[in-house]
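The structure appears below as structure tokens.
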Amino acid sequence: MSIAAQSISELINRDLDRLSKEVEAYSKEENLWITDGEITNTAGNLVLHLCGNLQHFIGAVLGKTGYERNRDFEFAGKNISRAELLGSIQEAKTAVTDTLQRLPESVLNYPYPLRVFNNKEMSTLFFLIHLQGHLNYHLGQINYHRRILDK
């Protein structure tokens, strides 16, 4: 595994571990699904979104895992158990780790196979860095959601 892929894998796995800790830290499982005022995304939906995002863009696209994403469900699904959310996080970790371990270093410099961001071409390395930042952004939102709404 290249140093870049190893570094990205370690960062994503670190933040997925943090995500698991956030899910476990909710005092009541049902509070994962609360919205309030302008807080329109639940922590549970953000967890589903992050796991679906990583399973799709890393696992399915780069690792050919066969994962089929249901993005609509990531935001519409409700009342998934804490145990299922934690299982989804573990599945995302496995997809990320297995894929990045097998990814040839040269692929990092190739264009990412899908065009995202308004059809913009970008290197696979650039997009992997973006995915780690995306995970971290929503992880912060979940932390605030828990601290504000988990009463």
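Count the sequence shown with the numbering used here and you get residues -19 to 131, in order. Each residue gets a CB set at the ideal place from its N, CA and C atoms; glycine is no exception. Keep in mind that this is a model prediction, so the values were computed, not measured.
Residue i bridges to which residues according to DSSP?
| i | result |
| --- | --- |
| residue 93 | DSSP output for residue 93 lists no bridge partner at all. |
| residue -3 | Beta-bridge pairing links residue -3 to no other residue. |
| residue 103 | 91 |
| residue 16 | 19 |
If you draw a straight line from the alpha carbon of residue i to that of residue j, how long is it in whole angstroms?
| i | j | result |
| --- | --- | --- |
| residue -18 | residue 117 | 25 Å |
| residue -14 | residue 44 | 19 Å |
| residue 52 | residue 34 | 15 Å |
| residue 55 | residue 64 | 16 Å |
| residue 127 | residue 19 | 13 Å |
| residue -16 | residue 97 | 22 Å |
| residue 101 | residue 59 | 37 Å |
| residue 82 | residue 94 | 19 Å |
Could you spell out the range, first to last residue, of the alpha helix (DSSP H) harbouring residue i?
| i | result |
| --- | --- |
| residue 68 | 62 to 82 |
| residue 40 | Element bounds for residue 40: n/a, residue is neither H nor E. |
| residue 52 | 51 to 56 |
Within 8 Å of any Cβ in chain D, is that where the Cβ of residue i sits?
| i | result |
| --- | --- |
| residue 58 | The structure shown has no chain D; it contains just one protein chain. |
Assuming residue i and residue j are in contact, meaning their beta carbons sit under 8 Å apart, how far apart are those beta carbons, in whole angstroms?
| i | j | result |
| --- | --- | --- |
| residue 138 | residue 9 | Lying before the first or after the last residue shown, residue 138 is absent from the chain, which here runs from -19 to 131. |
| residue -7 | residue 76 | 7 Å |
| residue 123 | residue 103 | That pair is no contact at about 30 Å. |
| residue 80 | residue 57 | With a Cβ gap of about 27 Å, residue 80 and residue 57 do not count as contacting. |
| residue 23 | residue 12 | 5 Å |
Quiz item: How about the region 91 to 109 and the region -6 to 8: do they share at least three Cβ pairs that are nearer than 8 Å?
Solution: no
Quiz item: Any contact of the region 59 to 75 with the region 31 to 48, i.e. 3+ C-beta pairs under 8 Å?
Solution: yes
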